[in-house]
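Structure first, commentary second.
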Amino acid sequence: MDEGTIREPEAMKTLAMKALATLRPPHLNDSGETTVPAYNCMICRDTGWENLKDERGYDYVRECSCGLIQRQRMKGKLKFASIPKEFEDQTVESFMTDCYSTPQNRELATMAKTIAQRYVEKFDEIQETGKGLYFYSNVKGSGKTRLAVSIANDLIRNKMISAKFATTIQILDQIKATWGEKARSEDGSTSEQKLINDVISVPVLVIDDIGVEGAKDWVNERFYNILNGRMIEKRITIFTTNCRMEDLKLDERIVNRIIKMALPIEFPAESIRVSLARKENNDLLDRLLGQ
Numbered sequence: 029m030d031e032g033t034i035r036e037p038e039a040m041k042t043l044a045m046k047a048l049a050t051l052r053p054p055h056l057n058d059s060g061e062t063t064v065p066a067y068n069c070m071i072c073r074d075t076g077w078e079n080l081k082d083e084r085g086y087d088y089v090r091e092c093s094c095g096l097i098q099r100q101r102m103k104g105k106l107k108f109a110s111i112p113k114e115f116e117d118q119t120v121e122s123f124m125t126d127c128y129s130t131p132q133n134r135e136l137a138t139m140a141k142t143i144a145q146r147y148v149e150k151f152d153e154i155q156e157t158g159k160g161l162y163f164y165s166n167v168k169g170s171g172k173t174r175l176a177v178s179i180a181n182d183l184i185r186n187k188m189i190s191a192k193f194a195t196t197i198q199i200l201d202q203i204k205a206t207w208g209e210k211a212r213s214e215d216g217s218t219s220e221q222k223l224i225n226d227v228i229s230v231p232v233l234v235i236d237d238i239g240v241e242g243a244k245d246w247v248n249e250r251f252y253n254i255l256n257g258r259m260i261e262k263r264i265t266i267f268t269t270n271c272r273m274e275d276l277k278l279d280e281r282i283v284n285r286i287i288k289m290a291l292p293i294e295f296p297a298e299s300i301r302v303s304l305a306r307k308e309n310n311d312l313l314d315r316l317l318g319q
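Residue numbers (my numbering): 29 to 319.
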């Protein structure tokens with residue numbers, strides 16, 4: 029039986045059958061004539077599940093070929109990813125390299141884009157190694173975050189891989205927010221432990237701006253726990269930063285794990301935020317003037 033076919037658990041099958049059954053009765057219009065309700069898909073009647081019988085005459089349901097269930101899964105993964113709205117529609121293919129001002133910078137950006145494209149294409153085999161990417165440039169606004177998020181978007185849409193975006197400050201703020209909570213989960217872990225375990229377990233994690241956080245003992249300890257856990261589990265981590273690996277002001281144990289976990293990719297030492305903003309303004313002006 030193919031992957032989209034569901035026989036178990038029985039509860040899901042029963043619910044789907046009931047949902048289909050409620051859609052079967054004909055509707056009467058004002059003149060008393062029988063009408064067929066308008067569905068986007070007449071096979072599943074917009075439930076996402078197709079009702080079938082097997083060779084023994086037993087009813088079962090499977091995902092409809094209209095793709096509704098797949099789209100719902102995709103929507104859930106995109107929501108979970110917490111991609112900033114500015115980057116929601118970005119893909120590796122749409123990453124622009126002609127906005128950099130010098131041939132050398134355009135060459136660096138093109139190299140980074142090519143690596144990102146190959147990374148997505150070969151992700152199935154790369155995932156087994158646990159190797160991520162480390163985008164660095166000593167200039168803010170160089171396009172590092174844009175390309176890192178583009179990879180995450182492509183993996184979600186093309187590979188149905190769960191991914192999560194977070195800045196280091198967001199991770200630390202979420203950890204600190206748990207400190208006043210005394211409740212424990214069913215397995216006995218604290219709220220902080222559960223949060224850290226959740227961060228460790230994400231298949232693909234984009235950590236933005238690592239190295240900007242203060243090098244306090246508790247910061248080093250939490251990041252060590254997160255990165256050590258992800259390294260052991262061979263979870264993919266994509267970093268963006270304004271520092272070379274060896275210049276990170278973090279505990280040596282953390283730096284060593286980042287070196288082990290990710291391939292360093294240099295970005296141009298140029299901010300493209302202004303040039304992109306000008307292009308967006310020119311495009312808007314053309315639309316407003318009807319050109």
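Glycine included, C-beta positions come from ideal geometry on N, C-alpha and C.
Could you work out which residue in D236, S129, K187 and Y67 is closest to E153 when comparing CA atoms only? Sequence index remark: in the sequence shown, residue 153 carries index 125 (1-based). The candidate whose alpha carbon is nearest that of E153 is K187.
Look up F193 in the DSSP assignment and say whether it is helix, strand or coil. Here residue 193 refers to the residue found at position 165 when the sequence shown is read from its first residue. Strand, per DSSP.
In angstroms with no decimal places, state the Cα-to-Cα distance between V120 and S129. Mapped onto the sequence shown, residue 120 falls at position 92. Mapped onto the sequence shown, residue 129 falls at position 101. V120 and S129: Cα-Cα distance of roughly 20 Å.
Hey, which unbroken runs of the beta strand (DSSP E) at 3 residues or more fall wholly within the segment 274 to 299? For the beta strand (DSSP E) assignment, the uninterrupted runs of no fewer than 3 residues enclosed by the segment 274 to 299 are, from N- to C-terminal side, 290 to 294.
Helix, strand or coil for D236, going by three-state DSSP, please let me know. If you number the sequence shown from 1, residue 236 lands on position 208. DSSP places D236 in strand when its eight states are reduced to three.
Quick check on DSSP: helix, strand or coil for T269? To locate residue 269, count along the sequence shown from 1; it is residue 241. T269: strand per DSSP, three-state reduction.
R301, DSSP secondary structure in three states: On the sequence shown, position 273 is the one that residue 301 refers to. DSSP, reduced to helix, strand and coil, places R301 within a helical segment of the structure shown.
Kindly say whether L313, judged by its beta-carbon, lies nearer than 7 Å to any beta-carbon of chain D. Among the chains of the structure shown, chain D does not appear; only one protein chain is present.
Note down, one range per segment and in chain order, each beta strand (DSSP E) of at least 3 residues found wholly within the segment 150 to 179. List check, beta strand (DSSP E) in window: 160 to 164.
With a CB to CB cut of under 8 Å and the five nearest residues on each side skipped, what residues in its chain are close to Y147? Indexing the sequence shown from 1 puts residue 147 at position 119. Cβ within range, chain order: I154, L161 and I179.
Output the residue ranges of the alpha helix (DSSP H) runs that lie fully inside the segment 68 to 129 and measure 4 residues or longer, sorted by chain position. Whole alpha helix (DSSP H) segments, 4+ residues: 96 to 109.
Compare the Cα-Cα distances from N68 to each of T142, L96 and D87 and report the closest residue. Working through the sequence shown from its first residue, we reach residue 68 at position 40. The shortest C-alpha separation from N68 is found at L96.
Can you grab the Cα-Cα spacing for the pair Q221 / N133, in whole Å? Residue mapping note: residue 221 aligns to position 193 of the sequence shown, counting from 1. Residue mapping note: residue 133 aligns to position 105 of the sequence shown, counting from 1. When rounded, the distance between both Cα atoms is 42 Å.
Below 7 Å between beta carbons: does that hold for K192 and V247? Taking the first residue of the sequence shown as 1, we reach residue 192 at position 164. Taking the first residue of the sequence shown as 1, we reach residue 247 at position 219. It is not a contact, given that the beta carbons lie outside the stated cut-off.
Going straight from the alpha carbon of R281 to that of K244, what length do you get? As a first step, residue 281 must be located in the sequence shown, where it is residue number 253. As a first step, residue 244 must be located in the sequence shown, where it is residue number 216. Distance between the alpha carbons of R281 and K244 is about 14 Å.
For C127 versus S303, is the C-beta spacing smaller than 7 Å? Taking the sequence shown and counting its residues from 1, the one referred to as residue 127 is at position 99. Taking the sequence shown and counting its residues from 1, the one referred to as residue 303 is at position 275. It is a contact, given that the beta carbons lie within the stated cut-off.
Whose C-beta lies closer than 8 Å to the C-beta of G337 among residues of the same chain, with five residues either side of it excluded? It is not possible to answer for residue 337, since the shown part of the chain is limited to 29 through 319.
Would you report the Cα separation of K204 and I197, rounded to the nearest angstrom? Stepping through the sequence shown from its first residue, residue 204 is reached at position 176. Stepping through the sequence shown from its first residue, residue 197 is reached at position 169. Answer to the nearest angstrom: the Cα atoms are 10 Å apart.
Apart from the five residues just before and just after G257, which ones in its own chain have a Cβ nearer than 7 Å to its Cβ? By 1-based counting over the sequence shown, the position of residue 257 is 229. The residues I228, in chain order, have a CB closer than 7 Å to that of G257 in the same chain once the five nearest residues on each side in sequence are set aside.
Cβ atoms of T268 and A176: under 7 Å apart, would you say? Taking the first residue of the sequence shown as 1, we reach residue 176 at position 148. Taking the first residue of the sequence shown as 1, we reach residue 268 at position 240. It is a contact, given that the beta carbons lie within the stated cut-off.
Residue from R315, R250, L233 and N181 whose Cα sits closest to the Cα of M289: Position 261 of the sequence shown, counted from the start, is the residue given in the question as residue 289. Measuring from the Cα of M289, the nearest candidate turns out to be L233.
Can you tell me the Cβ-Cβ gap for T195 and L223, rounded? I've got them flagged as a contact below 8 Å. Taking the first residue of the sequence shown as position 1, residue 195 is located at position 167. Taking the first residue of the sequence shown as position 1, residue 223 is located at position 195. No, T195 and L223 are not in contact; Cβ-Cβ is about 15 Å, not under 8 Å.
Inspect the beta-carbon positions of A297 and N166 and report whether they are closer than 7 Å. What you label residue 297 is simply residue 269 of the sequence shown in a count that begins at 1. What you label residue 166 is simply residue 138 of the sequence shown in a count that begins at 1. For the pair A297 and N166, the CB atoms are nearer than the 7 Å cut-off.
For A137, count neighbouring C-beta atoms within 10 Å of its own C-beta (all shown protein chains included) and say buried if the count is 16 or more, exposed if not. The sequence position of residue 137 within the sequence shown is 109, counting from 1. Looking at its Cβ environment, which holds 16 or more other Cβ atoms inside 10 Å, A137 is buried.
Compute the Euclidean distance between the alpha carbons of T125 and Y86, then round it to the nearest angstrom. The residue given as residue 125 occupies position 97 in the sequence shown. The residue given as residue 86 occupies position 58 in the sequence shown. Linking T125 to Y86 through their CA atoms gives a straight-line distance of about 57 Å.
Tell me I264's beta-bridge partners as DSSP assigns them. For the purposes of this step, residue 264 is identified with residue 236 of the sequence shown, where counting begins at 1. Partner(s): V232.
Using the C-alpha atoms, what's the distance from R306 back to K113? Residue numbering aside, residue 113 sits at position 85 when the sequence shown is read from its first letter. Residue numbering aside, residue 306 sits at position 278 when the sequence shown is read from its first letter. Cα to Cα, the separation comes out at about 19 Å.
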